[in-house]
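One structure below.
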């Protein structure tokens with residue numbers, strides 16, 4: 075499967091990644107090769123086979139609805155690049 | 003020839019579930035706590051953590067899906083919805099995509115005396131994001147992550163709604179159901195019940211769908227109706243003026259009462275959904291469905307119909323009394339304690355509700371129990387106390403917690419139904435108001451009310467009104 079440069083740029087933008095022209099071209103080639111390789115699976119006849127979303131034979135793992143202690147605020151905010159006493163501080167979201 | 007237009011509206015409702023803990027971790031869901039004090043590595047997206055699903059949240063979603071007549075998806079799973087926003091620390095929201103909890107349900111609303119069936123496309127379970135605050139910062143916003151991971155249920159309707167009024171009726175009915183089920187408190191102002199609308203217009207009778215706009219930020223029933231009325235009129239105006247509707251998100255501005263385009267720098271949504279690898283498949287078998295089905299209460303529509311049938315109440319009364327399950331329960335208990343249904347209905351919708359509103363008390367906590375209210379209503383019926391004075395008695399019961407008999411005795415409010423006593427009171431009043439009596443007899447009949455008032459005043463309101471009218475008419479006639 076051949077990716078276009080627009081597709082690479084689109085996916086990069088969605089992931090907030092910034093590539094130089096050379097990088098974008100290199101990734102376009104590499105990603106195209108990977109997708110071509112994976113396309114081989116399409117040759118298999120999967121009629122009547124349930125799509126696999128999980129490989130482990132487990133289902134319905136639950137917790138009971140009980141409150142457990144949360145992190146102290148100091149700890150929760152400890153890794154924030156920018157903060158106030160109480161909040162995470164981020165660049166202005168709306169005008 | 004002028005074209006007539008009709009609107010095509012679909013609603014997307016988000017309901018915060020009333021669980022104690024979050025959807026995938028044990029943090030509390032309590033509202034109004036200090037910012038960023040109810041988070042943990044799971045809900046703020048630290049590396050290496052695993053979400054574990056809250057069983058109660060799943061049960062609430064199943065319960066809602068069943069109440070809305072949905073088919074339950076036997077083999078479901080969760081999906082990641084990927085996007086970047088400061089209130090979403092993981093960079094994705096855990097939601098459901100192609101396999102929601104329930105599909106293909108319906109809800110019936112009555113508008114203008116007509117029943118409309120609004121299809122429910124899907125009911126699915128997901129998680130809430132944090133809260134952004136934009137006030138008080140210069141070029142910055144603040145984020146509180148307490149709400150991150152709180153269980154949300156999304157209920158999506160088919161585009162079966164045609165008017166703003168129908169949309170508001172749909173929201174009211176849905177809220178009533180959610181509250182009966184005790185899965186959501188339904189508070190639109192506080193945001194525990196939120197509504198977005200997809201709106202388009204088309205020439206009446208056309209089967210095509212026009213370009214739609216999404217309207218957000220309608221946090222009351224009134225705003226849902228006003229915003230959609232505005233948006234429908236706006237789209238018609240654009241088309242009539244030869245313009246085109248663009249697909250966009252618009253925000254309701256309650257101060258200006260208009261919708262405004264939310265010019266977003268975000269590019270077209272591309273959420274790249276994929277199955278959530280951190281959560282195992284969700285299997286809801288017949289047995290579990292049945293178990294949940296058995297917990298379903300009588301729903302508002304069924305209760306309304308039963309109230310009309312069983313208690314011979316007008317439709318209006320049935321609608322009002324069944325608005326919440328607790329009001330309905332209180333009414334039924336009052337009737338069971340011996341009150342006549344119509345009297346119980348009038349007093350609960352009227353005086354009881356007024357007193358509760360004054361003190362901001364919920365009906366379940368009403369200081370006058372249904373049994374005591376029934377006792378008072380029986381005293382009106384047997385003539386011990388007049389309807390008017392009964393209001394005074396009820397207020398005293400409400401304030402002191404005493405029963406009707408005690409208050410009536412204490413305050414000497416027993417109705418005067420003794421003919422002789424009333425005759426005496428009337429004779430005194432007529433003697434004192436000779437001028438009015440002459441005028442009345444000369445044909446000024448509206449003075450009747452004046453005489454009633456005077457006798458009531460003389461008896462401190464205790465005269466039996468029926469008896470008073472009867473005797474007074476005779477005496478006035480001469």
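Residue numbers (my numbering), protein chains in the order written: chain A, 75 to 169; chain B, 3 to 480.
All C-beta atoms in this analysis are idealised placements derived from N, C-alpha and C, irrespective of residue type, glycine included.
Do residue i and residue j have their CB atoms nearer than 7 Å?
| i | j | result |
| --- | --- | --- |
| residue 157 (chain A) | residue 285 (chain B) | no |
| residue 89 (chain B) | residue 134 (chain B) | yes |
| residue 18 (chain B) | residue 30 (chain B) | no |
| residue 327 (chain B) | residue 172 (chain B) | no |
| residue 261 (chain B) | residue 233 (chain B) | yes |
| residue 230 (chain B) | residue 166 (chain B) | yes |
| residue 27 (chain B) | residue 145 (chain A) | no |
| residue 393 (chain B) | residue 353 (chain B) | yes |
| residue 150 (chain B) | residue 72 (chain B) | no |
| residue 24 (chain B) | residue 201 (chain B) | no |
| residue 163 (chain B) | residue 365 (chain B) | no |
| residue 155 (chain B) | residue 132 (chain B) | no |
| residue 70 (chain B) | residue 107 (chain B) | yes |
| residue 253 (chain B) | residue 218 (chain B) | yes |
| residue 53 (chain B) | residue 280 (chain B) | yes |
| residue 442 (chain B) | residue 470 (chain B) | no |
| residue 323 (chain B) | residue 314 (chain B) | no |
| residue 216 (chain B) | residue 251 (chain B) | yes |
| residue 222 (chain B) | residue 190 (chain B) | yes |
Let me make sure I understand the geometry here. Which of the options has the alpha-carbon closest to that of residue i?
| i | options | result |
| --- | --- | --- |
| residue 291 (chain B) | B:13, B:28, B:21, B:61 | B:61 |
| residue 225 (chain B) | B:214, B:257, B:202, B:201 | B:257 |
| residue 306 (chain B) | B:170, B:50, B:112, B:184 | B:112 |
| residue 319 (chain B) | B:379, B:417, B:347 | B:347 |
| residue 92 (chain B) | B:221, B:278, B:430, B:219 | B:278 |
| residue 95 (chain A) | A:75, A:80, A:153 | A:80 |
| residue 57 (chain B) | A:114, A:75, A:139 | A:139 |
| residue 130 (chain B) | B:309, B:438, B:118, B:33 | B:33 |
| residue 246 (chain B) | B:271, B:79, B:204 | B:204 |
| residue 416 (chain B) | B:109, B:117, B:13, B:378 | B:378 |
Give the interface partners of residue i over in chain B, defined as CB-CB distance under 9 Å, in chain order.
| i | result |
| --- | --- |
| residue 140 (chain A) | 22, 23, 28 |
| residue 128 (chain A) | 79, 277, 279, 281, 282, 283 |
| residue 135 (chain A) | 54, 55, 281, 282 |
| residue 43 (chain A) | In the structure as shown, chain A begins at 75 and stops at 169. Residue 43 (chain A) is therefore absent and cannot be evaluated. |
CA-CA distance, residue i and residue j?
| i | j | result |
| --- | --- | --- |
| residue 186 (chain B) | residue 386 (chain B) | 44 Å |
| residue 368 (chain B) | residue 400 (chain B) | 8 Å |
| residue 135 (chain A) | residue 82 (chain B) | 18 Å |
| residue 38 (chain B) | residue 149 (chain A) | 10 Å |
| residue 428 (chain B) | residue 474 (chain B) | 7 Å |
| residue 126 (chain A) | residue 94 (chain B) | 21 Å |
| residue 459 (chain B) | residue 466 (chain B) | 13 Å |
| residue 332 (chain B) | residue 343 (chain B) | 12 Å |
| residue 68 (chain B) | residue 177 (chain B) | 15 Å |
| residue 275 (chain B) | residue 89 (chain A) | 14 Å |
| residue 78 (chain A) | residue 102 (chain A) | 7 Å |
| residue 193 (chain B) | residue 384 (chain B) | 48 Å |
| residue 75 (chain B) | residue 102 (chain B) | 7 Å |
| residue 124 (chain A) | residue 77 (chain B) | 11 Å |
| residue 159 (chain A) | residue 141 (chain B) | 18 Å |
| residue 141 (chain A) | residue 21 (chain B) | 10 Å |
| residue 356 (chain B) | residue 349 (chain B) | 10 Å |
| residue 476 (chain B) | residue 391 (chain B) | 25 Å |
| residue 381 (chain B) | residue 424 (chain B) | 20 Å |
| residue 166 (chain A) | residue 159 (chain B) | 34 Å |
| residue 439 (chain B) | residue 398 (chain B) | 37 Å |
Which residues in chain A sit within 7 Å of residue i, going by Cβ to Cβ distance?
| i | result |
| --- | --- |
| residue 42 (chain B) | 144, 145 |
| residue 142 (chain B) | 163, 164, 165, 166 |
Please compile the residues from chain B whose C-beta is within a distance smaller than 7 Å of the C-beta of residue i.
| i | result |
| --- | --- |
| residue 100 (chain A) | By Cβ distance, chain B contributes nothing, its closest Cβ being about 22 Å from residue 100 (chain A), past 7 Å. |
| residue 150 (chain A) | 38, 41, 46 |
Quick one: which chain B residues come within Cβ less than 8 Å of residue i?
| i | result |
| --- | --- |
| residue 93 (chain A) | Per Cβ cutoff of 8 Å: no residues; residue 93 (chain A) is ~17 Å from chain B at best. |
| residue 105 (chain A) | Here the premise fails: no neighbours, minimum Cβ distance about 15 Å. |
| residue 158 (chain A) | 144 |
| residue 90 (chain A) | 86 |
Give the residues of chain A in contact with residue i, contact being defined as C-beta atoms less than 9 Å apart.
| i | result |
| --- | --- |
| residue 33 (chain B) | Those do not exist, as residue 33 (chain B) stays about 14 Å from chain A at its closest Cβ, beyond 9 Å. |
With a threshold of 6 Å, establish whether the CB of residue i neighbours any heavy atom of the ligand ZN.
| i | result |
| --- | --- |
| residue 198 (chain B) | Among the components of this structure there are no ligands whatsoever, and the ligand ZN is therefore not found. |
Who are the neighbours of residue i on chain A, taking C-beta pairs under 8 Å?
| i | result |
| --- | --- |
| residue 200 (chain B) | Within chain A, no residue comes near residue 200 (chain B); the closest Cβ sits about 22 Å away, beyond 8 Å. |
| residue 139 (chain B) | 163, 166 |
*Could you pull out every unbroken beta strand (DSSP E) segment of at least 3 residues lying fully inside the region 32–94 of chain B, listed in chain order?*
Complete beta strand (DSSP E) runs here, min 3: 81–84.
*asked:* In chain order, what are the residue ranges of uninterrupted beta strand (DSSP E) at least 3 long that sit wholly in the region 111–167 of chain A?
replied: 162–165
_4-residue-minimum alpha helix (DSSP H) runs that sit fully inside the region 161–202 of chain B, ordered along the chain_ = Within the region 161–202 of chain B, complete alpha helix (DSSP H) segments of at least 4 residues are found at 166–182, given in chain order.
_Within the region 244–318 of chain B, ranges of the beta strand (DSSP E) (whole runs, at least 3 residues)_ = 250–255, 260–263
*In chain order, which continuous runs of the alpha helix (DSSP H) of length 4 or greater are located wholly inside the region 408–475 of chain B?*
421–434, 436–443, 450–460
*Please list the residues of the region 142–174 of chain B that have a C-beta atom closer than 8 Å to any C-beta atom in chain E, keeping them in chain order.*
Note that chain E does not occur in the displayed structure, where the protein chains are A and B.
*3-residue-minimum beta strand (DSSP E) runs that sit fully inside the region 313–381 of chain B, ordered along the chain*: none
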